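Peer 1: Residue numbers (our numbering): 698 to 1078. Okay, here's the structure, questions in a sec.
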């Protein structure tokens, strides 16, 4: 398969690789000498998500459908991926710009060999205030039981596990596999808890596909303890055949759970937190969350940047193009200049895709905006 036939055709006009901007002087700094960084809508840069691999061992229809990502699909070569040293360098530069949290994603990040080495390198870094950086990882959990302790020992703090069904047949249907089981994921969650990792669970809900799983999953994690977050089915990328009538609004999710297990609203832990939190009235230490990108867009508080496994910087989950940091890292030995390049990109950021989509849906147009978008599997959600 040629480069142009990838779902992320790097050389195409739709998914163009953008060069980082030329910088001609020092970017603005605060009186104390620190960088004062905000985009055109006043949003700071606080969270960096780093994809370490574009491959996955699942073929979930909303992310990496097997009809597109089949056995002959051409993934990135090892040379095209950012090295661990390049990732660590970029993370250090971003931390100097105010980033406080790093999240490792994929594809499926546990498929990247030696991932513990990268975690250890990142754990040695500090935030701009001199504090240890918080490191999280998103995974489908199948390999987690084998790797949880080593990841914790290397310095990983948190793990988010994707689990869309507890029913074995529905789980296999959603994962696009015949030899997988939710028990593997539950074993990974148990291993992560035993290793001392903080655990959350993400569940993407699609009407008519797995909305019958809402109550069973909520009940399961009431017992186990980790917060489960129910995510509205989003129009990320162009391969998941998204339609608005497939969305189960977060309000409905909360209503369904509350019928069996009354909930008390908690709100958000920080203004830029994506999840609205609720706690069970009878179990105040156990929470459930909802992420409502469709019904309640939160573009105005978005403080996240994403780097693909080959080093493209995306300033929005729904972006059409990314800035080529790999080329910049390999050509620019000066971290200060690299920092200025990233600052310039962020200062010009004005993304608000979900708000635009919301306006369109209010006009009763149930299809996504007509534009090419980067696939979720490429930048890890």
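Just so you know, even glycine gets a beta-carbon here, dropped at the ideal spot from N, CA and C. Bear in mind the structure is a predicted one, so any value in this text is a computation, not a measurement.
1. Would a check of beta-carbon distances place residue 948 closer than 8 Å to chain D?
2. I want to know whether the stretch 854 to 867 touches the stretch 883 to 894 - three or more CB-CB distances under 8 Å.
3. Using three-state DSSP, classify residue 702 as helix, strand or coil.
4. Under 7 Å Cβ to Cβ from residue 944, same chain only, skipping five residues before and after it: list those, please.
5. Please report the straight-line C-alpha distance between residue 973 and residue 997, rounded to a whole angstrom.
6. Within its chain, find whatever has a CB closer than 8 Å to the CB of residue 785; leave out the 5 residues flanking it on each side and keep chain order.
7. On the three-pair Cβ rule with 8 Å, is the stretch 789 to 803 touching the stretch 830 to 842?
8. Measuring alpha carbon to alpha carbon, tell me which residue in 767, 1049, 843, 891 is nearest residue 881.
9. With distances taken from CA atoms, which of 1035, 956, 898 is nearest residue 988?
10. Which ranges does the beta strand (DSSP E) cover as unbroken runs of at least 3 residues, wholly within the stretch 785 to 825, from first to last along the chain?
11. Keeping to the same chain, check which residues put their C-beta closer than 6 Å to that of residue 1020; ignore five residues upstream and five downstream.
12. Which of the three DSSP states is assigned to residue 916 in this structure?
13. Near residue 911, what residues of its chain come up, given a Cβ to Cβ distance below 7 Å and the 5 sequence neighbours on each side ignored?
14. What residue does the beta strand (DSSP E) around residue 868 start on, and which one ends it?
15. Can you tell me which of the three DSSP states residue 1008 falls into?
16. At the level of alpha carbons, what is the spacing between residue 907 and residue 977?
17. What's the gap between the Cα of residue 875 and the Cα of residue 999?
18. Taking only runs of the alpha helix (DSSP H) that begin and end inside the stretch 821 to 859, which ones reach a length of at least 4 residues, in chain order?
Peer 2: Put simply:
1. Here there is only one protein chain, and chain D is not present.
2. Touching, yes.
3. For residue 702, the predicted structure reports a pLDDT of 33, less than 50, and the residue's modelled location is therefore unreliable. A value from the coordinates is still provided. In this structure, residue 702 counts as helix in the three-state DSSP scheme.
4. Close CB contacts of residue 944 within its chain, under the 7 Å cut and outside five residues either way in sequence, are with 904, 929, 930, 991 (chain order).
5. Distance between the alpha carbons of residue 973 and residue 997: 15 Å.
6. Excluding sequence positions up to five before and after residue 785, its CB lies within less than 8 Å of the CB of 815, 818, 819, 822, all in the same chain and listed in chain order.
7. The stretch 789 to 803 vs the stretch 830 to 842: in contact.
8. Closest option to residue 881, Cα to Cα, is 843.
9. Closest option to residue 988, Cα to Cα, is 898.
10. Unbroken beta strand (DSSP E) runs of no fewer than 3 residues, entirely contained in the stretch 785 to 825, are found at 798 to 802, following chain order.
11. Around residue 1020, the same chain offers 715, 717, 1010, 1042 as residues with beta carbons nearer than 6 Å, after the five sequence neighbours per side are excluded.
12. In this structure, DSSP gives residue 916 a helical state, which the three-state scheme calls helix.
13. Cβ neighbours of residue 911 beyond the five flanking positions: 902, 927, 950, 953, 954.
14. Counting along the chain, residue 868 falls outside any beta strand (DSSP E), though it belongs to the alpha helix (DSSP H) covering 865 to 872.
15. Coil.
16. Put simply, the backbone Cα of residue 907 is about 23 Å away from that of residue 977.
17. Put simply, the backbone Cα of residue 875 is about 37 Å away from that of residue 999.
18. Residue ranges of uninterrupted alpha helix (DSSP H) with 4 or more members, entirely inside the stretch 821 to 859 and ordered along the chain, are 841 to 851.
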